[in-house]
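Chains as they are written, first to last, in the numbering used here: chain S, 572 to 842; chain C, 72 to 490. Everything on this sheet refers to the single structure shown next.
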Amino acid sequence: MPRRFVLVLRWGFLRVLVLSEAGVPTDSASTASTPSPTGFATLRGSFTLEGDPPAPVVLTVDKDANVCAPGDKPVEDKDFVFDATSQGIANVVIFVENCPEEWVHESAKPGNEAEVIFDQEKCVFLTRMVVMQTSQKLRVLNSDPVGHNLKVASFNQTIPSGGFAIYQPLKEMRAPEEMACSIHPWMKAWMLTRDNGYFAVSKEDGSFELPNLPAGVKLDFRVWHERSKAVTGATIDGEEQKWSKGRMSHTLEPDQDFNLGVIKLNSSLFN
Amino acid sequence: MPRRMMRIVNGYLVLLIAAPLAMVGCDAPQAQFSENLIFMKLQEEQNESFSAPQQQAIADSLQAMFGTPDEPFFVPIESLSDLLDVRHLGQAAGPVSSDEYGNGQGLFRQHCVHCHGVTGNGRGPTAAFLNPYPRDFSMGKFKFTSTPVGVKPTTEDLRRILMNGVAGTSMPSFALLSEGEIEALIDYVKYLSIRGEVERQLMIQSNDFDFQTEDGAIDEEGVASFTASDFLVGEVLTDVVDSWLMAEGMATAVPERPEKFDRFSESFDAAELAASVDRGRKLYFSNEAQCVKCHGPSQLGDGQTNDYDDWTKEFFDWKQSDNESFAPMMKAYLALGGLKPRNILPRNLRKGVYRGGRRPVDLYWRIHNGIDGSGMPESNKAALKEDDLWDLVNYVLELPYEDASRPGNELSVNTKEVR
């Protein structure tokens, strides 16, 4: 039985009913036959750019310039990493949004405790897009001769030159959150923590791979890039895809190696 | 927008608005919570435009869960009595009045609303004239807490701010209010903050629901699943409330300050204090503590002065300020009532004015935990231990008396030779 919950609230002499019971007829759909995976499968593909890459942003480096902008050369932001040869877009995140723990493959179960290394050099965070499981710890290093601090979610700690700090996330994030350094405010990276291990970040050539996904159940994937935030559409095989709020859904066959192929993202997304 | 207005006019809301108005007369507009249009704009930038039914569902849900500024309400969840006393909300809210015994009503509107606004968004009528701007409670972040970054303040933290005010800002002390009135205001601040944070969460999470069918009609099923109390109360509200309840046990325990540093103690040792101040000074310039980076080599708060606080940065990406999309965004932000952004400045430590309190324990908290929402980080736990923190506290307390022409340390991390 679905929980029925009706709340009657009082304003002055008026009684207004606003909160309704869960409105979807749940009896037949979700409670009777909860779907369960029939096996495991892989999803892969490659994000490429359609159109011209956005003009690079030149950063204002006004602190510790001898370390952060050696030789007084202009420093460009790495908010759009693009490989002209393959047309690939790096640092696109794709993760599974709806995945009850009992669907999750052994290799992606919550509880992974492997440390993730996060370093900085010349006032640049060496990993632009950090994705890890909530149970993992982030070991923040500092290879610069100057001090930094790292500010993200529930963490803001100084990192001495050559020193380290450990960050243990408090909870799963719904979308990536910004990582910053207050001493050098132009420094930026992004972090996403997920309970399970179903996430991938596209490589230099734009490719990504999500192995061991539950098959036989409808999975909602979220696609995100820091310049577009939600990636709301793409072209695959000449066919236009509309991903409302950056979401696409697939149901995979057991043992299937499903290749989406070349996923073209229009440059208008990134301007 | 016109469609939405029509809906309101046609809907039951007209009753809600008209009935009390008829009682108080036309010249007293009823206080309303304002929508967080800036945060909505931000969501729209990152996703899609909010549809009229989506906006309506959020407004309805908020009203159902929190009532109005004249008749605040709190959903009777299980843990409510640990969080706040609902009777306090009635005392703090509503128009200003008092009964025959002089018991005040409408405390928030009497004392707080000019700066913090009816909604508690820090944008009351005087806000634009103040520096720093009043706090916007709706983000659920508070600066001067005994808890670590990312954790809510404890009730005691809020009480301390209300009793002492915030030195160096426009926030005065309310120590002349009775204990009961302070209690009422503390609970009302929690209420406004929770309401504001729930509104943000609803705006974020509403992106996951469908409010309109493909032909543009209202998706009743989608609206019903959004306004279902399993979701609103069971997920969104409970999450925010839990973060407040959790904070109560998370105040950083501060070890007793060694008595030898206390001028009023019998065991006070001037030489020990001087040595500690010296060590603190070394730490100030050190790689381990890095205070000099922001507070500057002369401790005047003139190190890093280009950053913005979280309330400002939430809306802007300052690295994009040369981008052509930046100016229109700024214009939109100001048009929606946003206050002109100002840089956040590190404290001038030579003034002896400490916003979060001047007791050694307050300074220990600031250094150990950092200041939420600002650039001030917490001390590095691997590099600095308890004794180091007391040395820093002692040094900071001594700084206003230090000769400003005293040369800086040998070489600060800023001037270190680079390979």
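Beta carbons are placed, not taken as given, at the ideal position from N, Cα and C, and that holds for glycine. Just so it is clear, the structure is predicted and the values come from calculations on it, not from any experiment.
Expected contact under 8 Å - CB spacing of residue 468 of chain C and residue 416 of chain C to nearest Å: Your pair residue 468 of chain C and residue 416 of chain C does not check out as a contact, with CB atoms roughly 21 Å apart and the cut at 8 Å.
Which same chain residues end up closer than 8 Å to residue 492 of chain C when comparing Cβ atoms and leaving out the 5 residues on each side of it in sequence? With chain C covering 72 to 490 only, the question about residue 492 of chain C has no answer from this structure.
Between residue 760 of chain S and residue 795 of chain S, which are expected to be in contact by the criterion C-beta below 8 Å, what is the C-beta distance as a whole number of angstroms? The pair is not a contact, with the Cβ atoms about 14 Å apart (cut-off 8 Å).
Can you tell which of C/342, C/341, C/406 and C/371 has the C-alpha that lies nearest to the C-alpha of residue 69 of chain C? The requested residue 69 of chain C does not occur in the structure, where chain C is confined to residues 72 to 490.
Exposed or buried, what is residue 141 of chain C when buried is set at 16 or more other beta-carbons lying within 10 Å of its beta-carbon? Buried.
Please list, in chain order, the chain S residues whose beta carbon lies closer than 8 Å to that of residue 307 of chain C. Scanning chain S for C-beta atoms nearer than 8 Å to the C-beta of residue 307 of chain C yields nothing, as the closest lies near 12 Å away.
Hey, residue 214 of chain C and residue 444 of chain C are a contact pair by Cβ (cut 8 Å); roughly how many whole angstroms apart? So it is a contact: roughly 6 Å between Cβ atoms.
Would you decide whether residue 740 of chain S is buried or exposed? Buried here means 16 or more other CB atoms lie within 10 Å of its CB. For residue 740 of chain S, the number of other beta carbons within 10 angstroms of its own is at least 16, and it is reported as buried.
Chain-order list of residues whose beta-carbon lies under 7 Å from that of residue 717 of chain S (same chain, five-residue window excluded): Non-local C-beta neighbours of residue 717 of chain S in its own chain, meaning closer than 7 Å and more than five positions away in sequence, comprise 635, 638 and 732, ordered along the chain.
Quick one: any contact between the stretch 343–350 of chain C and the stretch 376–384 of chain C, if contact means 3 or more CB pairs under 8 Å? No, the stretch 343–350 of chain C does not touch the stretch 376–384 of chain C.
Segments assigned alpha helix (DSSP H), at least 4 residues, entirely inside the stretch 340–417 of chain C: Fully enclosed alpha helix (DSSP H) runs of 4 or longer: 341–355, 362–366, 381–384 and 397–406.
Kindly list, in the order they appear in chain C, the residues whose Cβ is closer than 8 Å to that of residue 712 of chain S. Result: empty, since nearest Cβ-Cβ is about 11 Å, beyond 8 Å.
Indicate whether residue 208 of chain C and residue 165 of chain C have their beta-carbon atoms separated by less than 8 Å. Contact annotation: residue 208 of chain C and residue 165 of chain C have beta-carbon atoms that are not nearer than 8 Å.
Indicate whether residue 749 of chain S and residue 715 of chain S have their beta-carbon atoms separated by less than 8 Å. Going by beta carbons, residue 749 of chain S and residue 715 of chain S fall outside the 8 Å limit.
C-alpha gap between residue 159 of chain C and residue 187 of chain C, whole angstroms: Between residue 159 of chain C and residue 187 of chain C, the C-alpha separation is close to 18 Å.
Contact with chain S by residue 450 of chain C, beta-carbon distance below 8 Å: Yes, residue 450 of chain C counts as interfacial toward chain S.
Nearest-angstrom Cβ-Cβ length linking residue 720 of chain S and residue 754 of chain S, presumed shorter than 8 Å: Contact check for residue 720 of chain S and residue 754 of chain S: beta-carbon distance about 6 Å, within the 8 Å limit, so the pair qualifies.
Would you call the CB atoms of residue 659 of chain S and residue 776 of chain S closer than 8 Å? Cβ distance < 8 Å, so residue 659 of chain S and residue 776 of chain S count as in contact.
In the DSSP assignment, what are the bridge partners of residue 667 of chain S? For residue 667 of chain S, which the question treats as bridged, DSSP gives the partners S/792.
Contact under 8 Å by Cβ, residue 148 of chain C with residue 304 of chain C: A distance below 8 Å separates the beta carbons of residue 148 of chain C and residue 304 of chain C.
Can a CB atom of chain C be found closer than 8 Å to the CB of residue 640 of chain S? By this cut-off, residue 640 of chain S is not an interface position.
Please tell me whether residue 236 of chain C has its Cβ less than 8 Å away from any Cβ of chain S. Output row for residue 236 of chain C: interface = no.
Do you know how far the Cα of residue 840 of chain S is from the Cα of residue 201 of chain C? Between residue 201 of chain C and residue 840 of chain S, the C-alpha separation is close to 39 Å.
Answer with buried or exposed for residue 824 of chain S, where buried requires no fewer than 16 other C-beta atoms within 10 angstroms of its C-beta. Residue 824 of chain S should be labelled exposed.
Could you name the residues of chain S that residue 364 of chain C contacts, counting a contact when the two beta carbons are closer than 7 Å? What residue 364 of chain C touches in chain S: 718 and 754.
Could you list which residues in chain S have their beta carbon closer than 8 Å to that of residue 457 of chain C, in chain order? For the C-beta of residue 457 of chain C, not a single chain S residue is nearer than 8 Å; the gap to the nearest is close to 16 Å.
Kindly indicate the opening and closing residues of the beta strand (DSSP E) around residue 820 of chain S. 818–822 is the extent of the beta strand (DSSP E) around residue 820 of chain S.
Any Cβ of chain C within less than 8 Å of the Cβ of residue 739 of chain S? With 8 Å as the cut-off, residue 739 of chain S does not count as an interface residue toward chain C.
Segments assigned beta strand (DSSP E), at least 3 residues, entirely inside the stretch 726–799 of chain S: Assignment of beta strand (DSSP E) within the stretch 726–799 of chain S, counting only whole runs of 3 or more residues, yields 726–730, 735–738, 748–751, 759–765, 770–772, 778–786 and 789–796 in chain order.
Would residue 270 of chain C be called buried (16 or more neighbouring beta carbons within 10 Å of its own) or exposed? By the neighbour-count rule (16 or more Cβ atoms within 10 Å), residue 270 of chain C is buried.
What residue range does the alpha helix (DSSP H) around residue 610 of chain S cover? Element bounds for residue 610 of chain S: not the alpha helix (DSSP H) but the beta strand (DSSP E), 610–621.
Would residue 737 of chain S be called buried (16 or more neighbouring beta carbons within 10 Å of its own) or exposed? Residue 737 of chain S should be labelled exposed.
Let's test the definition: count the other Cβ atoms within 10 Å of the Cβ of residue 261 of chain C and tell me whether it reaches 16, buried, or not, exposed. Residue 261 of chain C is classed as buried because its beta carbon has at least 16 other beta carbons within 10 Å across all chains shown.
May I ask you to verify whether the stretch 766–786 of chain S touches the stretch 605–613 of chain S, counting CB pairs closer than 8 Å and requiring at least 3? Enough Cβ pairs lie closer than 8 Å, so yes.
Considering only residues of the same chain and omitting the five flanking positions on each side of residue 146 of chain C, which have a CB-CB separation below 6 Å? Result list for residue 146 of chain C: 136 and 304, in chain order.
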